[in-house]
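Novice: In order, the protein sequences belong to chains A and B.
Here the first sequence stands for residues 0 to 275, where the numbers follow numbering that gives the first Met the number 0.
Here the second sequence stands for residues 0 to 289, where the numbers follow numbering that gives the first Met the number 0.
Note that beta-carbon positions come from the ideal geometry of N, C-alpha and C, so glycine has one too.
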Amino acid sequence: MSTTEETPPGVFSSLKSKLKKQFTPNESQSDTTFWLLGTLQLIFLVLLWELWRAPTIPGTVGVLTAFVNLVQTYDFWEGLFSSLTLAMCSLLAATAISLTLSYSYAIPFMRPMVTLFTKFRFFALLGLTIVPRILFEGSFKIRLSLLVFGVSVYFATGMMAVVRDIPRKRFEYLQTLGKTDWQVFWEIVVIETIPHAFENMRQNNAITFTLLPLVEVISRTGGGLGMMMWDSKKYGGPVATFAMELVLLLIGVCLDHLIKKGRLAACPHLEKKKGH
Amino acid sequence: MSSDKALFPYSILKSPILTAKGVSKSYDGRQILNDVKFTIHDVVRPGQREGQLLSILGPSGAGKTTLLRILCGLEKPDSGSVLVGTDQQPVVAGRVGVVAQHSPLLEHRRALGNMLFAASGNPELQDSADEEEQAMQLLKSFGIEDQADKFPAKLSGGQRQRLAIAQQIIAGNDVIFLDEPFKGLDLVAKRKVGDMIIETSNRTEKTTIIVVTHDIYEAVRISDMIWLMGLQDPSTGDPAHVASIVAQINLMDIISWRDDRHRLPAYLDMIEHIADRFPALAGLGFKDPE
Numbered sequence: 000m001s002t003t004e005e006t007p008p009g010v011f012s013s014l015k016s017k018l019k020k021q022f023t024p025n026e027s028q029s030d031t032t033f034w035l036l037g038t039l040q041l042i043f044l045v046l047l048w049e050l051w052r053a054p055t056i057p058g059t060v061g062v063l064t065a066f067v068n069l070v071q072t073y074d075f076w077e078g079l080f081s082s083l084t085l086a087m088c089s090l091l092a093a094t095a096i097s098l099t100l101s102y103s104y105a106i107p108f109m110r111p112m113v114t115l116f117t118k119f120r121f122f123a124l125l126g127l128t129i130v131p132r133i134l135f136e137g138s139f140k141i142r143l144s145l146l147v148f149g150v151s152v153y154f155a156t157g158m159m160a161v162v163r164d165i166p167r168k169r170f171e172y173l174q175t176l177g178k179t180d181w182q183v184f185w186e187i188v189v190i191e192t193i194p195h196a197f198e199n200m201r202q203n204n205a206i207t208f209t210l211l212p213l214v215e216v217i218s219r220t221g222g223g224l225g226m227m228m229w230d231s232k233k234y235g236g237p238v239a240t241f242a243m244e245l246v247l248l249l250i251g252v253c254l255d256h257l258i259k260k261g262r263l264a265a266c267p268h269l270e271k272k273k274g275h
Numbered sequence: 000m001s002s003d004k005a006l007f008p009y010s011i012l013k014s015p016i017l018t019a020k021g022v023s024k025s026y027d028g029r030q031i032l033n034d035v036k037f038t039i040h041d042v043v044r045p046g047q048r049e050g051q052l053l054s055i056l057g058p059s060g061a062g063k064t065t066l067l068r069i070l071c072g073l074e075k076p077d078s079g080s081v082l083v084g085t086d087q088q089p090v091v092a093g094r095v096g097v098v099a100q101h102s103p104l105l106e107h108r109r110a111l112g113n114m115l116f117a118a119s120g121n122p123e124l125q126d127s128a129d130e131e132e133q134a135m136q137l138l139k140s141f142g143i144e145d146q147a148d149k150f151p152a153k154l155s156g157g158q159r160q161r162l163a164i165a166q167q168i169i170a171g172n173d174v175i176f177l178d179e180p181f182k183g184l185d186l187v188a189k190r191k192v193g194d195m196i197i198e199t200s201n202r203t204e205k206t207t208i209i210v211v212t213h214d215i216y217e218a219v220r221i222s223d224m225i226w227l228m229g230l231q232d233p234s235t236g237d238p239a240h241v242a243s244i245v246a247q248i249n250l251m252d253i254i255s256w257r258d259d260r261h262r263l264p265a266y267l268d269m270i271e272h273i274a275d276r277f278p279a280l281a282g283l284g285f286k287d288p289e
């Protein structure tokens, strides 16, 4: 008897059809399949890293060992605390500034100013260090101002587009209910865009973690994981740098998840999407 | 054109509640509306149905939406004026209600929240307890009181439409425009929406519903009066580049009001009569003068 006869044809065809679905564009995907595939793909990536890496690139075991060594040092926890304080303060300040600017785009007088602000995302952060160094005293304020500026320009660009693209009909709908211009502004521009604000905050969070080590390095003062990466020789070389990168990645992903949950809690009208 | 005693022989005409006086409008140098004029009176019909139900009927491209936007104060006419209320004041947005296509609602507020938000601008409602009581009463009269705690995304199309109308009523609007309420619906759904509109207009004597539509069958079935709109010269009936109100049909005289009006021969005759005019109203067959 052939192999086909040994395997029940129902199971085989069902597996084949499930596999085919995973390669069909726009097909839905259950949570179980998503996580199963994700785990397999992650294992594949780790294997790829381990087997195909250049000899100078640290391996998984080396990075894990460096991580275990790092968490036993005072410097790591001090650096992590410094970096996270900076990241959280920056996230809050950038969100407040960007939302204020984006909402003010609804006011015609403010439009040119907000548009100009968003163009500063093409401004090199490295050269900008001179301004906060003159304006502020203390390394924290210098780093915070750099990071807030670096993040706000992107966040404001995203939210400004959301405010700009609100259909005229939404405003007219509330006008026909006899609402004043400021009531319409509050309900349509501020309240109705809260889900978008959360989505932009997630991107904001990601940019914060991308820029964080860079800002710490270019400000050259105040420590943090960025400075520890720069001085990696002191902590075990590239393996320690990789370990710290992984720490930042994991914290960033956890925060992203928290903001996502916050979005659903703040906006109960949004349906929780099942599957992927 | 204005409604007068001859058009409403069995009705008591009270003061005008909406008047369009020679409304014209152009966009980018192209004239859309020309000299649109009509008057809607507050009508009382002893022993008959209570509110008024009127339709502005015309084919697509006849300028209905432009006229609607001007009538409810969302746009200003190039010339002419629109006066509303018994005091006949120039219209501003919010003086008359509008339920746009697809029934817009505040998606982040529950059905009751939508009602309370609209009620907060109504000076006739004294306090929040009064607002909530009125809101629940209206939801009940529209048959959606059990949906009060649901977000609009969870409501059916019909329930959304009813909530949107109820919202306009609680905001204090006695004159409510409905923009294309039958668009995209099948025959059964159209009947349901039509019946709901009739019920709404019958809620109180002071409610006037004006349906802006291209649906001849439903417009004739539910309306007391129809204004035909399209690309014709109202005085000569000749084809024209610019849309205006070309005829006023008082259906209350021609097909007396009854629930089974659509089964009467006069209803079918009226459908035929209007359908025959539609190609001309749409500007078909119009030739530019050489």
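Residues of chain B with CB under 7 Å from A:Tyr172, in chain order?
Specialist: Numbered from 1 along the first sequence, position 173 holds the residue referred to as residue 172 of chain A. Simply Ala99, Pro103.
Novice: Tell me which same chain residues have a C-beta within less than 6 Å of the C-beta of B:Asp3, skipping the five on either side of it?
Specialist: Locating residue 3 of chain B in the second sequence gives position 4, counting from the first residue. With a pLDDT of 46 at B:Asp3, under the threshold of 50, the predicted position of this residue should be treated as unreliable, and no value is reported.
Novice: If you check the beta carbons only, do B:Leu162 and B:Ala110 fall under 7 Å apart?
Specialist: Within the second sequence, residue 162 of chain B is the residue found at index 163, counting from 1. Within the second sequence, residue 110 of chain B is the residue found at index 111, counting from 1. Yes, they are a contact pair.
Novice: Using alpha carbons as the reference points, say which of A:Leu83, A:Arg169, A:Glu186 lies closest to A:Phe139.
Specialist: Start at 1 with the first residue of the first sequence, and residue 139 of chain A comes out as number 140. Comparing Cα positions, the closest option is A:Leu83.
Novice: Between B:Ala92 and chain A, is the shortest Cβ-Cβ distance under 7 Å, so that the two count as touching?
Specialist: On the second sequence, residue 92 of chain B is found 93 positions in, with the first residue counted as 1. With 7 Å as the cut-off, B:Ala92 counts as an interface residue toward chain A.
Novice: Could you pull the start and end residues of the alpha helix (DSSP H) that A:Trp51 belongs to?
Specialist: Position 52 of the first sequence, counting from 1, holds the residue named residue 51 of chain A. Counting along the chain, the alpha helix (DSSP H) containing A:Trp51 begins and ends at 30-51.
Novice: Counting along the chain, where does the beta strand (DSSP E) carrying B:Thr212 start and finish?
Specialist: Taking the first residue of the second sequence as 1, we reach residue 212 of chain B at position 213. 207-212 is the extent of the beta strand (DSSP E) around B:Thr212.
Novice: Quick check: the Cα distance between B:Gln133 and B:Ile253, rounded to an integer number of angstroms?
Specialist: Walking along the second sequence from the start, residue 133 of chain B turns up at place 134. Walking along the second sequence from the start, residue 253 of chain B turns up at place 254. Using only the alpha carbons, I get a separation of about 37 Å.
Novice: So what does DSSP say about A:Tyr104, is it helix, strand or coil?
Specialist: Against the first sequence, residue 104 of chain A aligns to sequence position 105. Coil at A:Tyr104, not helix or strand.
Novice: Please look up how many angstroms separate the CB atoms of A:Pro237 and A:Gly225, rounded, as I've assumed it's under 8 Å.
Specialist: Counting from 1 along the first sequence, the entry for residue 237 of chain A is found at position 238. Counting from 1 along the first sequence, the entry for residue 225 of chain A is found at position 226. That belief does not hold up - the Cβ atoms of A:Pro237 and A:Gly225 are roughly 15 Å apart, past 8 Å.
Novice: Where DSSP assigns a beta bridge to B:Arg29, which residues make up the other side?
Specialist: As a first step, residue 29 of chain B must be located in the second sequence, where it is residue number 30. Bridge partners of B:Arg29: B:Tyr26.
Novice: Tell me which same chain residues have a C-beta within less than 8 Å of the C-beta of A:Ala283, skipping the five on either side of it?
Specialist: An answer regarding residue 283 of chain A cannot be provided, because it is not within the stretch 0 to 275 covered by chain A.
Novice: CB-CB under 6 Å to B:Asp290, same chain, minus the five flanking residues each way: which ones, in chain order?
Specialist: Because residue 290 of chain B is not part of the residues shown, which for chain B are 0 to 289, the question remains open.
Novice: Is it true that the region 51-62 of chain B meets the region 206-214 of chain B, where meeting means three or more beta-carbon pairs spaced less than 8 Å apart?
Specialist: Cβ pair count under 8 Å is three or more, so yes.
Novice: Count the other CB atoms, across all protein chains shown, that sit within 10 Å of the CB of A:Trp51; report buried if there are 16 or more and exposed otherwise.
Specialist: Taking the first residue of the first sequence as position 1, residue 51 of chain A is located at position 52. Per the 10 Å Cβ criterion, exposed.
Novice: My parser needs the alpha helix (DSSP H) runs of 4 or more residues fully inside the region 212-266 of chain B; what are they?
Specialist: As far as the region 212-266 of chain B is concerned, its whole alpha helix (DSSP H) runs of at least 4 residues are 215-221, 250-253.
Novice: Are the C-beta of A:Gly177 and some C-beta of chain B separated by less than 7 Å?
Specialist: Locating residue 177 of chain A in the first sequence gives position 178, where the first residue counts as 1. Yes, because at least one Cβ of chain B sits closer than 7 Å to the Cβ of A:Gly177.
Novice: Once the 5 residues before and after B:Lys20 are set aside, which same chain residues still bring their CB inside 8 Å of it?
Specialist: Residue 20 of chain B sits at position 21 when you count from the first residue of the second sequence. So the list reads Lys36, Gly79, Ser80, Val81, Leu82, once near-sequence residues are dropped.
Novice: Locate the alpha helix (DSSP H) running through A:Phe139, then write down its first and last residues.
Specialist: Against the first sequence, residue 139 of chain A aligns to sequence position 140. Taken as a continuous stretch (DSSP letters only), the alpha helix (DSSP H) holding A:Phe139 covers 138-163.
Novice: Nearest-angstrom Cα distance between A:Val113 and A:Ile190?
Specialist: Counting from 1 along the first sequence, the entry for residue 113 of chain A is found at position 114. Counting from 1 along the first sequence, the entry for residue 190 of chain A is found at position 191. Spanning the two alpha carbons is a distance of roughly 20 Å.
Novice: Helix, strand or coil: which one does DSSP assign to A:Ser81?
Specialist: To locate residue 81 of chain A, count along the first sequence from 1; it is residue 82. In the structure shown, A:Ser81 sits in a helix (DSSP, three-state: H, G or I).
Novice: When you measure from the CB of B:Val91 to every non-hydrogen atom of the ligand PLP, does any distance come out below 6 Å?
Specialist: Summarising the ligand content, the structure contains no ligands, and the ligand PLP is consequently not present.
Novice: Pick out the complete alpha helix (DSSP H) segments inside the region 38-76 of chain B, 4 residues or longer, and give them in chain order.
Specialist: You should have 63-70.
Novice: By the 7 Å beta-carbon criterion, what residues does the region 58-89 of chain B contribute toward chain A?
Specialist: Taking 7 Å as the Cβ-Cβ cut-off against chain A, the residues of the region 58-89 of chain B that qualify are Cys71, Leu73.
Novice: How many Å lie between A:Ser1 and A:Val10 at the Cα?
Specialist: Locating residue 1 of chain A in the first sequence gives position 2, where the first residue counts as 1. Locating residue 10 of chain A in the first sequence gives position 11, where the first residue counts as 1. Any answer about A:Ser1 is weak, because its pLDDT of 47 lies below 50 and its placement is not dependable; what the coordinates show is given next. Spanning the two alpha carbons is a distance of roughly 16 Å.
Novice: Using beta carbons (cut-off 7 Å, strictly below), is A:His268 in contact with chain B?
Specialist: In the first sequence, the residue the question calls residue 268 of chain A occupies position 269. Yes, because at least one Cβ of chain B sits closer than 7 Å to the Cβ of A:His268.
Novice: To which residues of the same chain is A:Leu254 closer than 6 Å at the C-beta, ignoring the five residues directly before and after it?
Specialist: Locating residue 254 of chain A in the first sequence gives position 255, where the first residue counts as 1. Same-chain partners within the cutoff: Asn204.
Novice: Leaving out five residues on either side along the sequence, give the residues of the same chain with a beta carbon under 8 Å from the beta carbon of A:Ile359.
Specialist: Coverage of chain A is limited to positions 0 through 275, which leaves residue 359 of chain A absent and any answer about it impossible.
Novice: Give the DSSP bridge partners of B:Leu17, in chain order.
Specialist: Here residue 17 of chain B refers to the residue found at position 18 of the second sequence. B:Leu17 pairs with B:Ile39, B:Val83.
Novice: Hey, how far is the Cα of B:Phe277 from the Cα of B:Leu283?
Specialist: As a first step, residue 277 of chain B is located in the second sequence; it is residue number 278 there, counting from the start. As a first step, residue 283 of chain B is located in the second sequence; it is residue number 284 there, counting from the start. One C-alpha to the other measures close to 9 Å.
Novice: Starting from the C-beta of A:Pro194, find all residues in its chain whose C-beta is less than 7 Å away, skip the five residues before and the five after it, and write them out in chain order.
Specialist: Position 195 of the first sequence, counted from the first residue, corresponds to residue 194 of chain A. These residues qualify, in order along the chain: Arg262, Cys266, Leu269.
Novice: Consult DSSP for B:Pro103 and reduce its assignment to one of helix, strand or coil.
Specialist: By 1-based counting over the second sequence, the position of residue 103 of chain B is 104. Here B:Pro103 sits in coil by DSSP.
Novice: Hey, would you say B:Asp178 sits closer than 7 Å to B:Ala246, going by beta carbons?
Specialist: Here residue 178 of chain B refers to the residue found at position 179 when the second sequence is read from its first residue. Here residue 246 of chain B refers to the residue found at position 247 when the second sequence is read from its first residue. No.
Novice: At 8 Å on the CB atoms, spell out the chain A contacts of B:Glu123, in chain order.
Specialist: Here the question's residue 123 of chain B lines up with position 124 in the second sequence. Those do not exist, as B:Glu123 stays about 12 Å from chain A at its closest Cβ, beyond 8 Å.
Novice: Against A:Ile250, what residues of chain B qualify as contacts under a CB-to-CB distance less than 8 Å, listed in chain order?
Specialist: Here residue 250 of chain A refers to the residue found at position 251 of the first sequence. Here the premise fails: no neighbours, minimum Cβ distance about 31 Å.
Novice: Do you know offhand how far A:Thr156's Cα is from A:Phe75's?
Specialist: Mapped onto the first sequence, residue 156 of chain A falls at position 157. Mapped onto the first sequence, residue 75 of chain A falls at position 76. If you take the alpha carbons of A:Thr156 and A:Phe75, they lie about 35 Å apart.
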